[in-house]
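**Q** Just passing along the structure, written as structure tokens.
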Amino acid sequence: MLISSTIAKSIPAQFLFNQYFYLHAHQATVHSFADKTIAPDILLNCVEISEGNYVSGYCAPFAGIECTISTHVSDFIKELKTDLAARRATSLVIKQAPQCYQTNVWEAIHQALLANGFKEEVNETNQYIVVNTERLFVADIDAQKRRRLNNAKKLGMRVELFDRVETDDWYNVYCNARMDKGFPITISKEDYYSLSAIPDVYTYAGVFLNDRLIANTVFVRVNKEVLYYFIAASDPAYAELSPTVLLIETLYEKAVQENYTLIDLGISSVDGVLNEGLHQFKKHVGAKDCSKRTYTLLF
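Counting with this note's numbering, you get residues 27 to 325 for the letters of the sequence shown.
Given below as structure tokens:
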């Protein structure tokens, strides 16, 4: 049986981007839906971004349906549609989590959404690294990246981690790297620096050479199993030295130390079109491919 609103709020979400403190930090009013007929629960949180238009994955790369067994997913979606129709909804967009997050139910959720009238809007190529506590990061990267990594360390590059950053050089590195590659700026300066307002979730990581910041990223704790590699950037003047490989090695070591099982390197496509260079870079540091799909339902 579908339950919604305040009752469902007592059901904890597993993904950061579905959790109330995250959505409330973005000043969102959360509409929660859950199925309590079985244990564990099926859960979907969404936000009404304009009148009648709902999205699951508000200010986030994904959110979507969470569950660990898929027996009742189709029934849940049917009741969800009925509930939203009664609210005079006009659309629902679900940014479903990448396949690697819910491997045992991912295909069932996909088929249930299609069977209930959702359209697959886009299928992105997502990449991830499996964390192996018995293997070093360098064991699974290609020879060229291994040489680049060793060279970076010989040159004296080092990674420093921060809970908060304030100087403009952090955001400037991000913007300059995006503009150099012709990529859009996807986060504002204010939002970039305000990530630290959510404690114990975001860690800023920077590569320094002779005290100059030459690359950076943000490590995100998505849940107890996954660390997410977010808005990585490298100063164009130093890009050939591949300082971001050093960032990924640091993230891998952090994942091993804190018992994470996956590193999510994010999508390597835009609107389903593969960025070959980015895809190959991630592949050469040990990443595997999986799908990340977005669905739309029009009422």
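For glycine and all other residues, C-beta sits at the position ideal for the given N, C-alpha and C.
The model shown is predicted, which means the values in this text are computed figures rather than measured ones.
1. Below 8 Å on the Cβ atoms is my guess for Leu49 versus Tyr84; work out the distance and round it to an integer in Å.
2. Enumerate in chain order the residues of its own chain whose CB-to-CB distance from Pro124 is below 6 Å, with the five nearest sequence positions on each side excluded.
3. Please report how far the alpha carbon of Met205 lies from the alpha carbon of Ile135, in whole angstroms.
4. Please list the terminal residues of the continuous alpha helix (DSSP H) segment that includes Arg172.
5. Under three-state DSSP, which class holds Ile376?
6. Classify Gln45 as helix, strand or coil using the three-state DSSP reduction.
7. Looking at the structure shown, is Ala281 part of a helix, part of a strand, or coil, going by DSSP?
8. Closest by CA to Thr159, which one among Glu279, Asn198, Val199?
9. Report the rounded CA-to-CA distance for Gly232 versus Thr243, giving the unit in angstroms.
10. With His310 as the anchor, note down where its beta strand (DSSP E) starts and where it stops.
11. Does the segment 267 to 281 touch the segment 154 to 171, meaning 3 or more C-beta pairs lie closer than 8 Å?
12. Within a Cβ cutoff of 6 Å, which residues of the same chain sit near Ile224, ignoring the five residues on either side of it in sequence?
13. Is His50 helix, strand or coil by DSSP?
14. Applying the 10 Å Cβ sphere with the 16-neighbour rule, what's the burial state of Pro210?
15. Within 10 Å of its beta-carbon, does Pro87 have 16 or more other beta-carbons around it, so buried, or fewer, so exposed?
16. Who does Ile293 pair with in a DSSP beta bridge?
17. Just verifying my parser: in three-state terms, what is the DSSP assignment at Glu192?
18. Exposed or buried, which one is Pro38 when buried takes at least 16 other CB atoms within 10 Å?
19. Look at the alpha carbon of Leu42 and the alpha carbon of Arg114, and state the distance between them as a whole number of angstroms.
20. Give the secondary structure of Phe234 by DSSP, where H, G and I count as helix, E and B as strand, and everything else as coil.
21. Would the beta-carbon of Ile54 fall within 8 Å of that of Ile29?
22. Would you say Val148 and Thr320 are within 8 Å of each other, going by their C-beta atoms?
23. If contact is defined by three or more beta carbon pairs under 8 Å, each pair taking one atom from either stretch, is the segment 280 to 290 in contact with the segment 250 to 257?
24. Skipping 5 residues on each side, what residues in its chain have a beta carbon closer than 7 Å to that of Gln40?
25. Considering only their Cβ atoms, is the gap separating Lys215 from Tyr197 smaller than 8 Å?
**A** So, to answer that:
1. With 8 Å as the limit, Leu49 and Tyr84 qualify as a contact, their Cβ atoms being about 6 Å apart.
2. Asn152, Cys316, Lys318
3. 37 Å
4. 169 to 180
5. Absent from the model: residue 376. The displayed extent of the chain is 27 to 325, so no value can be given.
6. coil
7. helix
8. Ranking Glu279, Asn198, Val199 by Cα distance to Thr159 puts Glu279 first.
9. 7 Å
10. Run containing His310: none in the beta strand (DSSP E); it sits in the alpha helix (DSSP H), 302 to 310.
11. yes
12. Ala51
13. In the structure shown, His50 sits in a helix (DSSP, three-state: H, G or I).
14. exposed
15. buried
16. In DSSP, Ile293 forms a bridge with Asn152.
17. coil
18. exposed
19. 28 Å
20. strand
21. A quick correction: the sequence has Ala, not Ile, at residue 54. No, Cβ-Cβ distance for Ala54 and Ile29 is not below 8 Å.
22. By the CB criterion at 8 Å, Val148 and Thr320 fall inside the cutoff.
23. yes
24. Glu92, Asn249
25. The Cβ-Cβ distance between Tyr197 and Lys215 falls below 8 Å.
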